[in-house]
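As structure tokens, the structure follows; a few thoughts come after it.
In our numbering, the protein residues as written are 4 to 74.
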């Protein structure tokens, strides 16, 4: 009985993580090209040229450069 309870706990936690990851997928602006998508996030004010942060491969998030783009 203890094993089944542990198994259900692990399964539930895994399911919650997958649902959470699916719900928070990249929703940035993107450009479709032959091999996939190029994701980008644009910062800036109306009277200045925008700063565009490109995102891509695994581990590369636009949030790493967000503070620099806002300044």
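Beta carbons: idealized from backbone N, C-alpha and C, even for Gly. Please read all numbers here as calculations on a predicted model, not as lab measurements.
Each residue's CA atom was taken as its position, placing residue 22 and residue 54 some 32 Å apart. Note: residue 58 is bridge-paired with 42 in the DSSP secondary-structure output. Around residue 47, the same chain offers 53 and 54 as residues with beta carbons nearer than 6 Å, after the five sequence neighbours per side are excluded.
In the three-state reduction of the DSSP assignment, residue 8 falls in the helix class. Burial state of residue 9 is exposed, judged by a 10 Å Cβ sphere holding fewer than 16 other Cβ atoms. A buried status is given to residue 56, since no fewer than 16 other beta-carbon atoms sit within 10 Å of its beta-carbon.
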